[in-house]
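Here is the structure we will look at, set down as structure tokens.
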Amino acid sequence: MFQALPPEPASIVAPVQPGVIERSVATEGEVRVAAALTDAQVKVDSSFRGASIVLYGAVFNPTDTPADVVVVVRGPDAPVRLVKKTRNMGVWLNSRPVLFEGAPGFYMTASTRPLSDVADFGQLRRLGVGVDHLRIDAPQESRTVTRYGVRDVVVSRLGENYLDWRRAVIRLKEAAALYNTDPDGVQFVDKGLFRAEVELPTVAPTGKYYAEVWLFQEGAPVSVSNLTLTVEKVGLERDIYEFAHRRPWSYGVLCVILAALTGYAASRVFRSR
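Add 416 to the 1-based position in the sequence shown for the working numbering, that's all there is to it.
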């Protein structure tokens with residue numbers, strides 16, 4: 417039982433630069449995809465209960481070859497700390513914690529049909545499209561072993577158990593609605609016009625989100641459109657959040673003082689009764 421504790425881009429990828437909202441790149445002819453978001457900024461306050469954002473776009477395809485659209489949205493990376501419950505002499509104990517540094521805090525894919533029907537394993541792995549091909553960095557701790565007669569091979573200390581831990585990360589994220597795969601999430605509403613919904617849960621992390629809208633023909637990517645989405649705290653929540661991260665010691669001292677004053681005030685009230 418696992419418990420969570422408190423690709424090199426392809427040649428046609430158009431990297432998102434600061435200040436750039438949307439950019440479309442094609443590889444052959446005039447076949448390309450263009451997309452946009454109904455809202456490129458999500459504000460989080462105490463009443464935030466999640467958000468639903470519509471991604472819409474158009475496919476320019478003068479050829480007779482059918483095309484598939486795949487939407488990938490990735491949130492900011494955040495460390496994930498896991499422990500595994502193990503039974504030792506009848507007692508359940510926590511194993512040594514494992515820290516994954518590079519797991520995205522949010523990840524979703526939506527497509528016109530299942531990804532395995534859109535492209536083959538190699539293409540999806542090269543592009544990092546789909547949770548099965550998501551790049552999650554292994555823990556930095558390593559050890560040296562002998563493999564196939566070769567000495568001093570450096571591998572993750574997780575060894576053969578790495579895939580089990582990786583699956584645990586994905587499973588926990590899916591349970592929190594932070595990872596999602598929708599094989600029918602892209603719908604064509606008219607000839608060449610499509611839409612997809614990006615559902616952000618209440619626990620969606622704040623920061624910069626990157627969306628890639630891929631256009632596939634005959635199993636190969638022919639165009640991509642890059643978008644950015646910002647999720648940020650506003651109001652008093654933002655002030656408290658920034659103060660806690662910029663001055664953690666001061667924030668901790670203030671919390672202790674506030675807790676002491678609250679306890680003292682409560683004791684006085686009950687004593688007077």
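Note that beta-carbon positions come from the ideal geometry of N, C-alpha and C, so glycine has one too.
Got a sec: does the ligand FMN put a non-hydrogen atom nearer than 6 Å to the Cβ of V489? Ligands are entirely absent from the displayed structure, and the ligand FMN is therefore not among its contents.
Inter-residue Cα distance where the pair is Y595 and A519: 11 Å
What is the DSSP secondary structure of L645, counted as helix, strand or coil? strand
Neighbour-count burial assignment, V685, 16 or more Cβ in a 10 Å radius: exposed
Spatial neighbours of A660 within its chain, please: CB distance less than 6 Å, with the 5 preceding and 5 following residues excluded, ordered by chain position. Y667
Per-residue burial, I673 [other beta carbons within 10 Å of its own, 16 or more giving buried]: exposed
Along the chain, where does the alpha helix (DSSP H) containing K589 start, and where does it finish? 578-591
Using the three-state DSSP reduction, which class does G518 fall into: helix, strand or coil? strand
Would you tell me roughly how many angstroms separate the C-alpha atoms of A675 and W665, rounded to the nearest one? 15 Å
Assign R529 to buried or exposed, taking buried as 16 or more other Cβ atoms, counted over all protein chains shown, within 10 Å of its Cβ. exposed
Taking DSSP's pairing of strands, which residues face G473 in a bridge? A451, F610
For E634, three-class secondary structure by DSSP: coil
Three-state secondary structure (DSSP) at P495? strand
Is E658 helix, strand or coil by DSSP? helix
Would you give the residue range spanned by the alpha helix (DSSP H) that S532 belongs to? 531-534
Taking the C-alpha atoms as reference points, what is the distance between F610 and H549? 25 Å
Kindly confirm or deny that the region 602-609 and the region 530-546 touch, where touching means at least three C-beta pairs closer than 8 Å. no
Could you check the C-alpha separation between L471 and V640 for me, to the nearest Å? 14 Å
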